[in-house]
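As structure tokens, the structure follows; a few thoughts come after it.
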Amino acid sequence: MADADAGGRTDSTQPTAPESPGQANLRVLMLGALGVVYGDIGTSPLYAVREALLVAASDGSVERADVLGVLSLIFWALTLVVTVKYVRFVLRADNKGEGGTLSLMALARRHLPAHSTAILALGVIGAALFTGDSMITPAISVLAAVEGLKTVTPAFEPYVVPITLLILFVLFAVQRFGTGAVGGVFGPITGVWFIAIGISGLSHIIANPDVLWAVNPYYAVHYLAANPALSLGTIGAIFLAVTGAEALYVDLGHFGRGPIVLAWLSIVFPCLLLNYVGQGAFVLTRSDLPENVFFDMQPGWALLPMVALATAATIIASQAVISGAYSLVRQAVQLNLLPRFSILHTSETQEGQVYLGRVNWMLGIGVMLLVLGFQRSGNLASAYGISVTGEMVVTDLLLFVVMRHIWNWSWAAALLASILFLIVDLVFLGSNIIKVVEGGWVTLAIALVMCLIIWTWVRATGYLFEKTRKSEVPLDFLADQMLKKPPQIVPGTAIFLTSDPTCAPTALMHSLKHYKVLHERNVILSIVTKQRPIIPESERVQMEPITDLFTRVTLSFGYMEQPNIPKAMALCRKQGLKFDIMSTSFFVSRRSLIPTPTSGLPLWQDRLFIALARTAADAAEYFQIPTDRVVEIGTQVRI
């Protein structure tokens with residue numbers, strides 16, 4: 001507003017106030033959220049209405065009541081699941097700014113330690129279900145976009161699957177270069193996509209405004225009551241419209257709640273509704289159900305550009321899910337749920353941009369096998385939904401803990417809200433369960449394998465820790481003995497990595513046994529992952545002098561951080577620990593595991609654990625220790 005002069009008049013020639021840095025940053029974050037957060041849910045119009053109407057119009061004819069019923073179900077599903085549940089409540093359950101199933105699990109475990117095991121089990125199930133989702137999303141999205149070529153001309157039909165496979169192969173092949181170079185165009189392209197689908201739907205709504213009656217929930221209720229035999233199948237197809245809602249929470253730490261909420265309310269939600277309702281308006285003008293509603297509704301001149309734009313949008317949606325899978329695995333490794341994976345940082349400025357080679361190609365091969373196995377996006381839709389609905393149910397249960405024990409809601413309020421969310425999500429889960437035979441078993445099998453791997457790793461590492469601890473020497477006892485009968489003392493500092501700071505590390509005991517020498521400064525170093533995403537430097541280091549020869553050091557990291565031991569050890573100097581990194585040796589134990597019938601675990605689980613342990617990244621590489629400063633001492637351990 002222009003400033004008023006002394007007489008009360010406004011000076012229209014005054015320049016407008018410059019945009020504040022906060023406003024500019026909010027716009028940038030909103031644009032980024034469009035590409036990363038909403039890529040998945042934004043490509044649902046490619047197949048959601050088509051699949052729902054295929055169930056509703058099983059005889060090939062489409063009635064007005066069916067179209068309005070389907071559209072009403074989509075409108076209220078988006079409103080209740082995304083706008084009310086995720087935007088209003090779930091996004092507030094952040095763990096120091098971070099979101100996602102494992103963040104919510106860590107938050108709940110920290111505030112309810114008495115039920116830590118049960119909460120851990122829920123978190124693992126949710127993470128495993130996300131793994132299935134991360135495989136099927138790129139497959140169905142890219143395949144649905146490329147199928148638009150068949151609308152241009154049927155001659156393209158034999159090439160749909162090969163083109164899809166080529167796009168997916170290139171997508172996974174370029175992951176190792178990082179998304180920083182192309183990340184800047186993700187938001188604008190997705191923004192153009194939302195505007196394009198909004199305008200496309202609006203043009204058909206103007207031609208047939210009667211379709212707007214679909215916002216009345218009466219049509220949703222009437223459809224379900226009039227077609228009880230088709231209800232579950234239709235609801236299962238309707239759920240395709242809200243797949244991707246969980247991305248709002250997963251990517252909370254990247255953009256913050258404000259930009260995600262504003263992008264949804266101002267751009268994504270309106271444009272999605274316009275397109276869905278526009279598809280319904282287009283179908284009402286036809287006597288039969290179009291083969292591909294989304295592409296058939298486009299004017300001839302816009303068909304090829306829309307296919308190209310849809311393909312770009314689905315690639316972006318796939319990229320977001322792949323990045324989410326990297327983040328999930330990284331968190332699981334930090335929380336000791338999986339073995340260490342080699343992590344490549346693809347950006348010097350953005351901590352979150354990482355690349356996990358093994359995870360990337362396991363995902364890539366799985367996605368391409370799904371395309372080869374199902375051939376059509378319609379067939380893949382039968383496998384889609386179970387993993388997402390299962391993950392949403394897990395979120396509901398963990399959210400109850402947050403409501404009751406962190407937000408301090410009353411039992412009645414927390415229980416009522418959780419039950420309402422559960423009713424909606426369990427209805428969607430029940431409607432998707434019927435897809436198990438048609439293809440849903442694929443995502444359940446992926447989730448089961450992931451659960452089995454995590455369960456084996458957690459259980460076996462616990463057994464191994466207890467077994468090795470029985471034969472270890474208490475560190476305080478050893479330190480006293482070294483003062484009474486010191487061995488040969490050599491100059492320099494030795495840092496021994498251990499998971500149990502109360503016992504003498506295996507590498508230290510073997511060094512004394514074989515070399516019969518001790519460094520003048522010995523640091524017993526343990527790494528602890530906290531149930532928080534990021535630990536400030538002021539809380540990073542804990543030092544405890546034991547004797548003149550030994551010091552116990554604990555370095556704490558958040559589950560979203562990549563441990564960097566040399567950088568963290570530099571903080572020890574500020575607390576009085578004197579050492580020269582060039583005369584410091586890092587001693588690491590390398591265990592060779594041998595299965596035994598008396599391990600306490602089934603033999604197959606022993607072998608699986610050993611196979612997982614062999615795939616673990618080298619400790620020096622994972623903890624970013626200079627390789628020329630590392631001494632590895634091997635030991636055999638029977639489990």
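So that you can map any letter, position 363 of the sequence shown is 363 in UniProt numbering, and since no number is skipped, the others follow by simple counting. Virtual Cβ for every residue (Gly too), placed ideally from N, Cα, C.
For residue i, I'd like the list of residues in its chain whose CB is within less than 7 Å of its CB, leaving aside the five on either flank, ordered along the chain.
i, result
"SER318", "THR137, PRO138, SER141, VAL142 and LEU171"
"ALA214", "LEU68, LEU71, SER72, PHE75, VAL277 and GLY280"
"MET392", "GLU246 and ASP425"
"GLY198", "PRO270, CYS271, LEU274 and ASN275"
"ILE316", "GLY35, GLY39, PHE186, ILE189 and THR190"
"THR554", "PRO501, SER526, VAL528 and GLN542"
"VAL250", "GLY99, GLY100 and GLY324"
"ALA447", "ALA128, LEU129, THR131, GLY132 and SER387"
"GLU621", "SER342"
"ILE46", "Note that residue 46 is Leu in the sequence shown here, rather than Ile. Excluding positions up to five away in sequence, the list reads ALA144, ALA145, PHE294 and ALA310."
"ASP476", "ILE546"
"GLY7", "With a pLDDT of 40 at GLY7, under the threshold of 50, the predicted position of this residue should be treated as unreliable, and no value is reported."
"GLN298", "SER200 and MET306"
Going by beta carbon distance, what residues of the same chain come within less than 6 Å of residue i, once the five residues before and after it are set aside?
i, result
"MET450", "ALA128 and THR131"
"LEU232", "SER431 and ILE434"
"GLY364", "PHE172"
"ALA619", "VAL588"
"LYS470", "none"
"GLY492", "HIS519 and SER583"
Please determine, among the options, the residue with the shortest C-alpha to C-alpha distance to residue i.
i, options, result
"ASP40", "ASP133, SER116, LEU104 and LEU53", "ASP133"
"ALA310", "VAL528, LEU429 and SER200", "SER200"
"SER327", "LEU369, LEU289 and GLY253", "GLY253"
"GLN334", "ILE527, ILE625, VAL84 and ASN379", "ILE527"
"LEU577", "LEU265, ASN522, ALA479 and VAL250", "ASN522"
"VAL631", "PRO602, ARG459 and ALA507", "ALA507"
"SER589", "THR615, PRO563 and MET509", "MET509"
"ALA263", "THR83, PHE295 and ALA302", "THR83"
"SER583", "ASN95, VAL62, ARG88 and PRO566", "PRO566"
"ALA114", "GLU157, HIS405, TYR223 and ASN227", "HIS405"
"LEU80", "VAL427, LEU26 and TRP361", "VAL427"
"ASN216", "LEU120, ARG607, LEU518 and ALA65", "ALA65"
"LEU608", "TRP455, ILE625, TRP409 and ARG540", "TRP455"
"ARG176", "ILE167, LEU202 and GLY357", "GLY357"
"ALA56", "GLY148, ALA225 and ILE167", "ALA225"
"VAL87", "VAL261, SER44, PHE282 and GLY373", "VAL261"
"residue 640", "LEU165, LEU398 and GLY385", "Look at the range of the chain in this structure, 1 to 639, and you will see that residue 640 is not part of it."
Rounding to the nearest angstrom, what Cα-Cα distance links residue i and residue j in this structure?
i, j, result
"ALA320", "TYR219", "35 Å"
"GLU561", "LYS150", "46 Å"
"LEU613", "ILE163", "Contrary to the premise, residue 613 reads as Ala rather than Leu in this sequence. Rounded to whole angstroms, ALA613 to ILE163 spans 38 Å at the Cα level."
"GLU348", "MET105", "Annotation note: pLDDT 48 at GLU348 (below 50); position unreliable, no value reported."
"GLU472", "SER499", "12 Å"
"VAL124", "GLY100", "12 Å"
"VAL436", "VAL49", "21 Å"
"HIS111", "ALA196", "45 Å"
"LEU380", "GLU438", "9 Å"
"MET135", "GLN488", "57 Å"
"GLN531", "VAL160", "46 Å"
"ILE382", "GLY366", "Residue identity check: residue 382 is Ser in the sequence provided, not Ile. So the alpha carbons of these two residues sit roughly 17 Å apart."
"residue 644", "ALA445", "The question about residue 644 has no answer here: the residues shown for the chain are numbered 1 through 639."
"PRO597", "GLU291", "59 Å"
"VAL242", "PRO595", "46 Å"
"LEU107", "ILE423", "24 Å"
"THR443", "LEU29", "32 Å"
"LEU120", "LEU464", "20 Å"
"PRO21", "ALA313", "Caution applies to PRO21, whose pLDDT of 43 falls short of 50 and renders its modelled position unreliable; the value that the coordinates give is listed next. If I take the Cα positions, the gap works out to 29 Å."
Which whole-angstrom value describes the C-beta separation of residue i and residue j, a residue pair presumed to lie in contact below a C-beta threshold of 8 Å?
i, j, result
"VAL90", "THR395", "6 Å"
"PHE587", "ILE633", "7 Å"
"SER342", "ALA93", "Not quite, the Cβ-Cβ distance comes to about 32 Å (not below 8 Å), so this is no contact."
"PRO339", "THR615", "6 Å"
"LEU337", "TRP457", "7 Å"
"ILE267", "PHE169", "Contact flag wrong, Cβ pair sits at about 32 Å."
"ILE238", "ALA52", "5 Å"
Skipping 5 residues on each side, what residues in its chain have a beta carbon closer than 8 Å to that of residue i?
i, result
"GLY32", "GLY183, PHE186, GLY187, HIS254, PHE255 and PRO259"
"GLU539", "SER556"
"ASP480", "THR547"
Under the criterion of a Cβ to heavy atom distance below 6 Å, does residue i qualify as lining the ligand COA?
i, result
"SER410", "Within the structure as shown, the ligand COA is missing, as the structure has no ligands at all."
**Study point:** Any beta strand (DSSP E) of 3 or more consecutive residues that is wholly inside the stretch 216-245
**Key:** If we require 3 residues or more, the stretch 216-245 turns out to have no beta strand (DSSP E) run fully inside it.
Exercise for review: Entirely within the UniProt domain "K+ potassium transporter C-terminal" (491-639) and at least 3 residues each: give me those beta strand (DSSP E) ranges in chain order.
Suggested key: Under the rule that a run must span 3 or more residues, the beta strand (DSSP E) segments found entirely inside the UniProt domain "K+ potassium transporter C-terminal" (491-639) read 517-530, 541-545, 550-558, 584-594 and 630-638.
Practice item. List in chain order: all unbroken alpha helix (DSSP H) runs of 4+ residues lying wholly within the stretch 79-141. Key: The DSSP assignment places complete alpha helix (DSSP H) segments of no fewer than 4 residues inside the stretch 79-141 at 101-111, in order along the chain.
Exercise for review: With a floor of 4 residues, list each alpha helix (DSSP H) that falls wholly inside the stretch 321-380, ordered by position along the chain.
Suggested key: Inside the stretch 321-380, DSSP marks whole alpha helix (DSSP H) runs of 4 or more residues at positions 357-374, from first to last along the chain.
Review point. Which whole runs of the alpha helix (DSSP H) in the stretch 253-283 are 4 residues long or more, in chain order?
Key: Segments of the alpha helix (DSSP H) lying fully in the stretch 253-283: 257-263.
Exercise for review: Could you pull out every unbroken alpha helix (DSSP H) segment of at least 4 residues lying fully inside the stretch 142-198, listed in chain order?
Suggested key: With a minimum length of 4 residues, the continuous alpha helix (DSSP H) runs that stay inside the stretch 142-198 are 148-152 and 160-173.
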